[in-house]
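Residue numbers (the working numbering): 228 to 361. Reviewing the structure listed below.
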Amino acid sequence: MKQTSQILQTGTCILEQSNYIPSTTSNVLWGRLPCRNDRMIGTVHSGNEITIDTISHEGLLEDQGSDPMTYFTTHGVAANDVLNDGIAIARECHRNPDTDGPHVVTGPIAVPEAHPGDLLAITPTTLAPRFPTV
228 MKQTSQILQT
238 GTCILEQSNY
248 IPSTTSNVLW
258 GRLPCRNDRM
268 IGTVHSGNEI
278 TIDTISHEGL
288 LEDQGSDPMT
298 YFTTHGVAAN
308 DVLNDGIAIA
318 RECHRNPDTD
328 GPHVVTGPIA
338 VPEAHPGDLL
348 AITPTTLAPR
358 FPTV
C-alpha cells in the first residue's frame with residue numbers, strides 16, 4: 228500500500244480509472260451512518276476502484292471553535308495547508324450537538340450489484356492521510 232506525506236486538498240491523489248467522491252458539503256453527514264432515506268452521492272460497481280475523500284472533525288466541532296482555519300493556524304499549521312473542504316463543512320454543514328455525533332461521514336455510496344443482506348468486501352489499495360501527522 229502506498230502512502231504520502233503531502234497535503235491532499237480536494238481533488239488530489241485520485242487513483243487512475245477510479246470513481247472519485249470528494250467530501251463536499253453535499254456529500255457528508257454529521258455523526259451518523261447513512262441510511263436508506265439518504266441520497267446516494269455516488270456509485271461503485273463490483274470490482275471497480277473508488278477514491279473517497281474523508282475529513283476529520285478536528286477544528287470543526289463547537290468546543291474547538293467550529294473554525295478550522297483559526298484552530299489549525301493557532302496550532303502551527305500554515306493557512307494554505309488547512310483543508311478547504313473542512314472550512315466549507317464547518318461553514319455550511321451545521322451540526323446539532325444534541326442529535327448529531329462528532330464525526331464527518333462521507334456517503335452513502337451505491338453498489339448496484341448488492342442486495343439487502345449481502346456482505347460487501349473492500350480491498351484498500353492506497354491509504355493516504357490528507358494531512359501528515361506532526
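All C-beta atoms, glycine included, are put in the ideal place defined by N, C-alpha and C. Being a predicted model, the structure only gives us computed values, none of them experimental.
Under the DSSP assignment, residue 278 falls in the beta strand (DSSP E) whose first and last residues are 277 to 279. Looking at the backbone, the Cα of residue 291 and that of residue 298 are separated by about 7 Å. Collapsing the DSSP output to three states places residue 316 in a helix.
Judged by their CB atoms, residue 269 and residue 314 are not nearer to each other than the 7 Å cut-off. Taking all protein chains in view, the Cβ of residue 286 is crowded by 16 or more other Cβ atoms within 10 Å, so the residue is classified as buried. Between the alpha carbons of residue 357 and residue 235 lies a distance of about 5 Å.
Using a Cβ distance threshold of 7 Å, residue 293 and residue 340 do not count as a contacting pair. In the DSSP assignment, residue 333 falls within the unbroken beta strand (DSSP E) covering 331 to 333.
The beta carbons of residue 279 and residue 333 sit about 6 Å from each other, so the pair counts as a contact at 8 Å. Taking every protein chain shown into account, the CB of residue 359 has fewer than 16 other CB atoms within 10 angstroms, so this residue is exposed. In the displayed model, residue 307 falls within a helix according to three-state DSSP. Here the C-alpha atom of residue 322 lies approximately 10 Å from the C-alpha atom of residue 330. By the neighbour-count criterion, in which a residue is buried when 16 or more other Cβ atoms sit within 10 angstroms of its Cβ, residue 343 is exposed. If you ignore the 5 residues before and after residue 240, its C-beta comes within less than 6 Å of the C-beta of 355, all in its own chain and listed in chain order.
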